[in-house]
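Participant: Pasting a structure here, questions to come.
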Amino acid sequence: MLDFEKPIQDIQTKIESLKETQAKNDVDLSDEIEILEAALQTEKEKIYTSLKPWDRVQIARLPERPTVLDYIPYIFDDFIELHGDRNFRDDPAIVGGLAYFNGQPVTVIGQQRGKDTKDNIYRNFGMAHPEGYRKALRLMKEAEKFNRPIFTFI
């Protein structure tokens, strides 16, 4: 939880406490819960519509946020990752390959960061090396040659 999200967490804790009390004591607290849920929604709108730039950076850096490899299985069929820039080596910070989107062959390219420290080090914290850019360029040229659409994830 981030610092600016503490008011949201406080309201959520109160809601959970009321729900537990309601379940244990067989008391109807639905009106109070409804009021708190409305307050929770209002607080979320207030906080997330007035985020400072640093708050946005903190949200983007959350380890729980989905990455390219999390999205690909839900969007595409038969993804085949292609490795290397055909010049030096593979850059794990750039994930790219071939897949099907609604039955049409497509090229998928994305920036991949890790989920934990070991994975972050392996993927260089999502920062591509020159071979990563060459890999992406190779995949883009290949997509152009075979007239395939390109999906990019950053």
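Per the working numbering, the sequence shown starts with residue 1, numbered consecutively. Cβ atoms here follow ideal geometry from the backbone N, Cα and C, with glycine treated the same way. A quick note: this is a predicted structure, and the numbers were derived from the prediction, not measured.
Find the nearest neighbour of Ala38 within the set Leu137, Ile150 and Gln12, judged by alpha-carbon distance.
Facilitator: As a first step, residue 38 must be located in the sequence shown, where it is residue number 38. Ala38 has its Cα closest to that of Gln12, out of Leu137, Ile150 and Gln12.
Participant: Going by C-alpha to C-alpha distance, which of Ile109, Tyr100, Lys46 and Glu5 sits closest to Gly84?
Facilitator: As a working mapping, residue 84 is identified with position 84 in the sequence shown. The shortest Cα separation from Gly84 among Ile109, Tyr100, Lys46 and Glu5 belongs to Ile109.
Participant: Among residues of its own chain, excluding the 5 on either side of Leu40, which ones have a beta-carbon nearer than 6 Å to its beta-carbon?
Facilitator: What you label residue 40 is simply residue 40 of the sequence shown in a count that begins at 1. Taken in chain order, the residues that qualify are Ile11.
Participant: Does the segment 55-68 come within contact of the segment 16-27, defined as at least 3 CB pairs closer than 8 Å?
Facilitator: No, they do not touch.
Participant: Going by DSSP, what residue range makes up the alpha helix (DSSP H) through Pro130?
Facilitator: Here residue 130 refers to the residue found at position 130 of the sequence shown. Its alpha helix (DSSP H) spans residues Pro130 to Lys145.
Participant: Counting pairs of Cβ atoms below 8 Å between the segment 127-144 and the segment 88-99, do you hit three or more?
Facilitator: Touching, per the Cβ criterion.
Participant: Could you tell me if Gln112 is buried or exposed, where buried requires 16 or more neighbouring beta carbons within 10 angstroms of its beta carbon?
Facilitator: Mapped onto the sequence shown, residue 112 falls at position 112. Result: buried.
Participant: How far does the alpha helix (DSSP H) with Asp55 in it extend, from its first residue to its last?
Facilitator: The residue you call residue 55 lines up with position 55 of the sequence shown. Residues Pro53 to Ala60.
Participant: Secondary structure at Thr67, three-state DSSP: helix, strand or coil?
Facilitator: Against the sequence shown, residue 67 aligns to sequence position 67. If DSSP states are grouped into helix, strand and coil, Thr67 belongs with coil.
Participant: Determine the burial state of Leu98: buried for a count of at least 16 other Cβ atoms within 10 Å of its Cβ, exposed for fewer.
Facilitator: Within the sequence shown, the letter at position 98 stands for residue 98. The residue is buried, with at least 16 neighbouring Cβ atoms inside 10 Å.
Participant: Compare the Cα-Cα distances from Gly132 to each of Leu82, Phe101 and Phe76 and report the closest residue.
Facilitator: Start at 1 with the first residue of the sequence shown, and residue 132 comes out as number 132. Comparing Cα-Cα distances from Gly132 to each of Leu82, Phe101 and Phe76, the minimum goes to Leu82.
Participant: Quickly, what does DSSP pair Leu98 with across the bridge? List them, please.
Facilitator: As a first step, residue 98 is located in the sequence shown; it is residue number 98 there, counting from the start. DSSP output for Leu98 lists Ile80 and Thr107 as bridge partner(s).
Participant: State the start and end residues of the unbroken alpha helix (DSSP H) segment that holds Ile15.
Facilitator: Taking the sequence shown and counting its residues from 1, the one referred to as residue 15 is at position 15. It spans Lys6 to Asn25 - the alpha helix (DSSP H) in which Ile15 sits, taken as one unbroken run.
Participant: Quick one: residues in its chain with C-beta nearer than 8 Å to the C-beta of Glu43, no 5 flanking neighbours on either side, listed in chain order?
Facilitator: Position 43 of the sequence shown holds residue 43. Hits under 8 Å: Pro7, Ile8 and Ile11.
Participant: Which stretch, first to last residue, makes up the beta strand (DSSP E) that contains Tyr150?
Facilitator: As a working mapping, residue 150 is identified with position 150 in the sequence shown. The amino acid at residue 150 is misidentified as Tyr; the sequence shows Ile. Where Ile150 is concerned, the enclosing beta strand (DSSP E) stretches over Ile150 to Phe153.
Participant: Tell me the residue span of the alpha helix (DSSP H) that contains Ser30.
Facilitator: Taking the first residue of the sequence shown as 1, we reach residue 30 at position 30. Residues Ser30 to Thr49.
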